[in-house]
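Quick mapping for you: the protein sequence lines, in order, are chains G and A. Per the UniProt record's numbering, the very first residue in the first sequence carries number 1; after that it's consecutive. Per the UniProt record's numbering, the very first residue in the second sequence carries number 1; after that it's consecutive. Note that CB positions come from ideal geometry on N, CA and C, so glycine has one too.
Protein chains: 2
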Amino acid sequence: MGVRAQQKEKTRRALVDAAFNQLSAERSFSSLSLREVAREAGIAPTSFYRHFKDMNELGLTMVDEGGLTLRQMMRKGRQRAEAGGSVIRISVDTFIEVLESNPNVFRILLHERSGTSAAFRAAVEREIEHFISELAHYTEAQANRTPELARAQAEALVILVFNAGASALDLKRSERKALADQLVLQLRMVATGAEALQQKMDNRT
Amino acid sequence: MGVRAQQKEKTRRALVDAAFNQLSAERSFSSLSLREVAREAGIAPTSFYRHFKDMNELGLTMVDEGGLTLRQMMRKGRQRAEAGGSVIRISVDTFIEVLESNPNVFRILLHERSGTSAAFRAAVEREIEHFISELAHYTEAQANRTPELARAQAEALVILVFNAGASALDLKRSERKALADQLVLQLRMVATGAEALQQKMDNRT
DNA sequence: AAGTTGAGCGTACATTTGTACGCTAATTTA
DNA sequence: TAAATTAGCGTACAAATGTACGCTCAACTT
Chain G
1 MGVRAQQKEK
11 TRRALVDAAF
21 NQLSAERSFS
31 SLSLREVARE
41 AGIAPTSFYR
51 HFKDMNELGL
61 TMVDEGGLTL
71 RQMMRKGRQR
81 AEAGGSVIRI
91 SVDTFIEVLE
101 SNPNVFRILL
111 HERSGTSAAF
121 RAAVEREIEH
131 FISELAHYTE
141 AQANRTPELA
151 RAQAEALVIL
161 VFNAGASALD
171 LKRSERKALA
181 DQLVLQLRMV
191 ATGAEALQQK
201 MDNRT
Chain A
1 MGVRAQQKEK
11 TRRALVDAAF
21 NQLSAERSFS
31 SLSLREVARE
41 AGIAPTSFYR
51 HFKDMNELGL
61 TMVDEGGLTL
71 RQMMRKGRQR
81 AEAGGSVIRI
91 SVDTFIEVLE
101 SNPNVFRILL
111 HERSGTSAAF
121 RAAVEREIEH
131 FISELAHYTE
141 AQANRTPELA
151 RAQAEALVIL
161 VFNAGASALD
171 LKRSERKALA
181 DQLVLQLRMV
191 ATGAEALQQK
201 MDNRT
């Protein structure tokens, strides 16, 4: 890669990072202005356009990138689970850790999921869908579920986890422990219930 | 109430209604400007302040009012369920109807739940909490659950329902049917799972 | 009847925003 | 080496926003 392309990439990163850094509990992506992001990245407002068509394009980039980061981290955590122990417990703990080290990635996904732009909502849904289908395949193989049931189960699990994540963002570290415990209980409910429904169906035939 | 107070109340309503009417899939509350709302309500921008300290105060009013509306409608629907039939199925159908006739009430709750203002998030959480505790009490009595388990179950149910609601807002009527079916399945999972966990606990003693 | 209150208005202003346009200077290409 | 490309900048402008201020006049109070 030439010197020029390298520098361009660097500036682009600066923009993405600037945007991520400006996110907080009080500041959503859609409340950021192009000028603010450019200012934080240390470039002139008009230079922004050399990298993104508009703020929307930057936001979609962030969603994609964020979703990828999250999935990579969760996958790493899953390897821990293979060493033995409760899959649910370990996954929840991993999730909380991921959440704590990437709160802003999480925030943009959560907020734009119910956001004002169809493109954003679709992008977030796509990321969540990745989680769901990974999990559904896992469960289908592991627990011998009907595809339909596996899908419904996986979706329920992911939704509960994400929602707990949203709550966790507003909690102190000490309160997060209780939240995690309650989440584990709920996930067990779903898993147990899915198992029971599956057996009922199997016995019918 | 005097003529004067009556007129004031009327204008206040016009403001609240104007704000609700401007909400849509493409327009969130936080993207509304004070001037837009005033314009739609047919008053001068500066007159807005005779009714609300700022847009924040208007928004909180809308959340409270919206939550109340939703709960009243769901309660009415529950009476239908008492006539017999699956509680879950009837509740889900009621919910979809409520959603369809009040999409904007729903939108503001969903969006501000992950919003940028702590006051908003707290207000929405309060409304959701109402749903959860109503349901938890119902389950505790009906199905003889531990308070802890009843709470976890109720929370899981409400979260799944709200999330399905968020998805439903983006769907055509025909696709909503499938969504409702999947939701029913998930709710049954939780209910069945909770029952199984409860029995396991009971047998331990 | 006289005085007070307050809802609604119009004017005004400082800020912030997105973006069009044309320039510069360094890198890349030929 | 000469020509072409392009990242980044500065200037400029129209549009929109929140809100301060002071006025009016109908409704209420005394």
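Of the candidates G:Phe131, G:Val16, G:Leu68, the residue whose Cα lies closest to the Cα of G:Ala41 is G:Val16. Counting of Cβ neighbours within 10 angstroms places A:Val37 among the buried residues, the total reaching 16 or more.
Of the residues assessed, G:Ala194 falls on the buried side of the cut-off, its CB having 16 or more other CB atoms within 10 angstroms. In this structure, the CA atom of G:Gly115 is about 20 Å from the CA atom of A:Arg176.
Listed along chain G is no residue with a C-beta nearer than 9 Å to that of A:Asp54; the closest approach is about 16 Å.
Neighbours of A:Arg126 across chain G, judged by C-beta separation under 9 Å, do not exist; the nearest C-beta is about 13 Å away.
Using a Cβ-Cβ cut-off of 8 Å, A:Val98 does not count as an interface residue toward chain G, since no Cβ of chain G sits closer than that to its own.
Nearest to G:Asp93 by alpha-carbon distance, out of G:Phe106, G:Met74, G:Gln142, is G:Met74. Only those residues of the region 18 to 41 of chain A whose C-beta falls short of 8 Å from the nearest C-beta of chain G are listed: Ala25, Glu26, Arg27, Ser28, Ser30, Ser31. G:Phe120 and G:Arg107 have their C-alpha atoms spaced approximately 13 Å apart. Note that the C-beta distance between G:Gln72 and A:Ala152 is not below 8 Å. Look at the region 177 to 194 of chain A: the residues with a C-beta under 8 Å from a C-beta of chain G are Gln182, Leu185, Gln186, Arg188, Met189, Val190, Ala191, Thr192, Gly193, Ala194. For A:Ser24, the beta-bridge partners assigned by DSSP are A:Arg27. Taking 8 Å as the cut-off, the beta carbon of G:Phe20 is found no closer than this to the beta carbon of G:His111.
Excluding sequence positions up to five before and after A:Met55, its CB lies within less than 6 Å of the CB of Leu34, all in the same chain and listed in chain order. The DSSP assignment places complete alpha helix (DSSP H) segments of no fewer than 4 residues inside the region 72 to 135 of chain A at 87 to 101, 103 to 113, in order along the chain. The continuous alpha helix (DSSP H) containing A:Ala38 extends over residues 34 to 41.
Of A:Phe48, A:Ser174, A:Ser101, the smallest CA-CA separation from A:Gly66 is found for A:Ser101. Interface criterion met: the Cβ of A:Ser114 is under 8 Å from a Cβ in chain G. Annotation: the continuous alpha helix (DSSP H) that includes A:Ala194 extends over 173 to 204. Counting along the chain, the unbroken alpha helix (DSSP H) around G:Gly165 starts and ends at 147 to 168. Listed along chain G are Asp170, each with a C-beta nearer than 8 Å to that of A:Arg121.
Nearest Cα to G:Arg89 within the set G:Ala178, G:Met201, G:Gln199, G:Lys200: G:Ala178. For A:Lys53, the three-state secondary structure derived from DSSP is coil.
Segment contact: the region 56 to 64 of chain G against the region 156 to 163 of chain G, fewer than three CB-CB distances shorter than 8 Å; contact not assigned.
Under a criterion of Cβ atoms nearer than 7 Å, the residues of chain A adjacent to G:Gln153 are, in order, Met189.
The straight-line gap separating the alpha-carbon atoms of G:Ala143 and A:Ser91 is approximately 30 Å. In the three-state reduction of the DSSP assignment, A:Ala44 falls in the coil class, being assigned neither a helical nor a strand state. Rounded to the nearest whole angstrom, the CA to CA distance from A:Asn104 to G:Arg173 is 34 Å.
Glu148, Leu149, Arg151, Ala152, Gln153, Glu155, Ala156, Ile159, Leu160, Phe162, Asn163, Ala164, Ala166: these are the residues of the region 133 to 166 of chain A whose beta carbon lies less than 9 Å from some beta carbon of chain G, given in chain order. Shown here for A:Phe52: same chain residues with a beta carbon closer than 6 Å to its own, the five before and five after excluded, namely Leu58 in chain order.
By the C-beta density criterion, A:Arg204 is exposed, having fewer than 16 other C-beta atoms within 10 angstroms.
Closest by C-alpha distance to A:Glu9, out of A:Phe48, A:Ala83, A:Glu97, A:Ala196, is A:Phe48.
Rounded to the nearest whole angstrom, the CA to CA distance from G:Gln198 to A:Gln22 is 46 Å.
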